[in-house]
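Novice:
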Amino acid sequence: MSAFKQGLELPKAVIERNEEYRQRRRKQMIFFFATTAVTLVSSRLAYRGVQTRRYVPGLFNANHVPPPFSFHRDAISAIAYSSVLATSSFAMAIAGVSWTWDVSTVKEFTYKLKTKLGGDEKEKELSEAKLDEESLSLQDAINSFLNGEGFEEEEATKLADSK
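The opening residue of the sequence shown carries number 1 in the UniProt record's numbering; numbering runs sequentially from there.
#1: Given this structure, state the Cα-to-Cα distance separating Leu146 from Asp140, to the nearest angstrom.
#2: Is Asp120 near the ligand SAM, in the sense that its beta carbon is under 8 Å from a heavy atom of that ligand?
#3: Tell me the rounded alpha-carbon separation between Pro11 and Asn18.
#4: Pop quiz: Thr36 and Met92 are said to be a contact at Cβ under 8 Å. What is the actual Cβ separation, rounded to whole angstroms?
#5: Take the Cβ of Ala95 as the centre, count every other Cβ of all protein chains shown within 10 Å, and call the residue buried at 16 or more, exposed below.
#6: When the Cα of Tyr21 is compared with those of Ser104, Gly148, Ser137, which residue comes out closest?
#7: Can you give me the C-alpha to C-alpha distance between Leu113 and Ile79, rounded to a whole angstrom?
#8: Taking Ser43 as the reference, which of Asp132, Ser83, Pro68 has the closest Cα?
#9: Keeping to the same chain, check which residues put their C-beta closer than 8 Å to that of Ile15; ignore five residues upstream and five downstream.
#10: Around the Cβ of Gln28, are there at least 16 other Cβ atoms within 10 angstroms (buried) or fewer (exposed)?
#11: Tell me which residues share the same chain as Phe109 and place their Cβ nearer than 7 Å to its Cβ, disregarding the 5 neighbours each side in the sequence.
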């Protein structure tokens, strides 16, 4: 039985968290359906654009005479249709993955992808691996460079030498 049927009240924090989760999922769902609608409309427009350029001769028309057309207009329309169709399809795929995996940010996406592909275990193995002496000295040099250590001594010796 649910907590509501038993007469128990849930803590306020749980209710707020559940409401945030429901709003987040609703937003992801709406974004997915919107991008799906844009993809369907753009694919229909592209299909209609291709069908209008097809030449179908009439019963007594000569079928060996090509119809008049413009290379420039055809190229522009092809680029426009393909760009809109590719962009909307990519947006629909991203929205679908975000909704399915419950992902809202790029950081969440990279974390989920890394865990699904097993990258977090490989990263742990690499971080725990032993380094040889040359690699340790190189790592220490890079860390001291990034921390700004050793610059004061080098600059002081250069100033002393120049005077």
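Here a beta-carbon is modelled for each residue, glycine too, at the ideal position from N, C-alpha and C.
As the structure is a computational prediction, the values presented were derived from the model and not from experiment.
Specialist: Let me spell this out:
#1: Spanning the two alpha carbons is a distance of roughly 10 Å.
#2: Here there are no bound small molecules, and the ligand SAM is not part of this structure.
#3: For Pro11 and Asn18, the distance between alpha carbons rounds to 11 Å.
#4: The Cβ separation is near 5 Å, so the contact holds.
#5: Only buried fits Ala95, as 16 or more other CB atoms lie within 10 angstroms of its CB.
#6: When each option's Cα is compared against that of Tyr21, the closest is Ser104.
#7: Their Cα atoms are separated by approximately 33 Å.
#8: Minimum Cα distance to Ser43 is reached at Ser83.
#9: So no residue of the chain qualifies.
#10: Buried.
#11: Correct list, in chain order: Val103.
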